[in-house]
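Asks: This is the structure I want to talk about, given as structure tokens.
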Amino acid sequence: MKVVAFNGSPREKGNTYLALRMVGEELEKEGIELEIIHVGNKAIRGCIGCNGCAKNRDEKCVMSEENFVNEWIQKIKEADGVLLGSPVHFASLGATMKAFLDRAFYVAS
Ligand SMILES: Cc1cc2nc3c(=O)[nH]c(=O)nc-3n(C[C@H](O)[C@H](O)[C@H](O)COP(=O)(O)O)c2cc1C
Numbered sequence: 000m001k002v003v004a005f006n007g008s009p010r011e012k013g014n015t016y017l018a019l020r021m022v023g024e025e026l027e028k029e030g031i032e033l034e035i036i037h038v039g040n041k042a043i044r045g046c047i048g049c050n051g052c053a054k055n056r057d058e059k060c061v062m063s064e065e066n067f068v069n070e071w072i073q074k075i076k077e078a079d080g081v082l083l084g085s086p087v088h089f090a091s092l093g094a095t096m097k098a099f100l101d102r103a104f105y106v107a108s
């Protein structure tokens, strides 16, 4: 079994990473692999509501300035479990994580 974790912090080895690693240690005791993907340091634009994904129905966001979002959508599909980790930034999740999730969720809707 494999779990994929998304670290929404811009800090690669900050508190969010440490929290995800703590979960990972418990999973690994049960023989479950954890892959941590660093989202928070990428340049990811938010969803523009173009509805291209709804038209194409190909599991892809049509925005093509970077390919992280589409790669990560496939990682989610292949995984047995998904962990989302983000620092609190002004009473919300980190902005880059929000941009990623908005686009991934819209593709899935
Ligand atoms: C821009 C910014 C905004 C923040 N806003 C909040 C907040 O609203 N509430 C809070 O409790 N902590 C806030 N924090 C603190 C972080 O959530 C906290 O330090 C967190 O553990 C950082 O995680 P990281 O090391 O994974 O980046 C903020 C930090 C930053 C950089």
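For the sequence shown, the residue numbers in numbering that gives the first Met the number 0 are 0 to 108.
Note that CB positions come from ideal geometry on N, CA and C, so glycine has one too.
1. Since I believe residue 34 is in contact with residue 3 (beta carbons under 8 Å), could you give me their beta-carbon distance rounded to a whole number of angstroms?
2. What is the DSSP secondary structure of residue 90, reduced to helix, strand or coil?
3. Given 8 Å as the limit, tell me if residue 90 has its C-beta closer than that to any heavy atom belonging to ligand 1.
4. As a quick exercise: from 96, 90, 68, pick the residue whose alpha carbon is nearest that of residue 84.
5. Less than 9 Å between CB atoms is the rule here; does residue 32 satisfy it with respect to chain B?
6. What are the start and end residues of the beta strand (DSSP E) that includes residue 1?
7. Can the beta-carbon of residue 38 be found closer than 9 Å to that of residue 99?
8. Can you tell me the Cα-Cα spacing of residue 77 and residue 69, whole angstroms?
Replies: Answer, in terms of the structure:
1. 5 Å
2. coil
3. yes
4. 96
5. Included in the structure is just one protein chain, with no chain B present.
6. 1 to 6
7. yes
8. 13 Å
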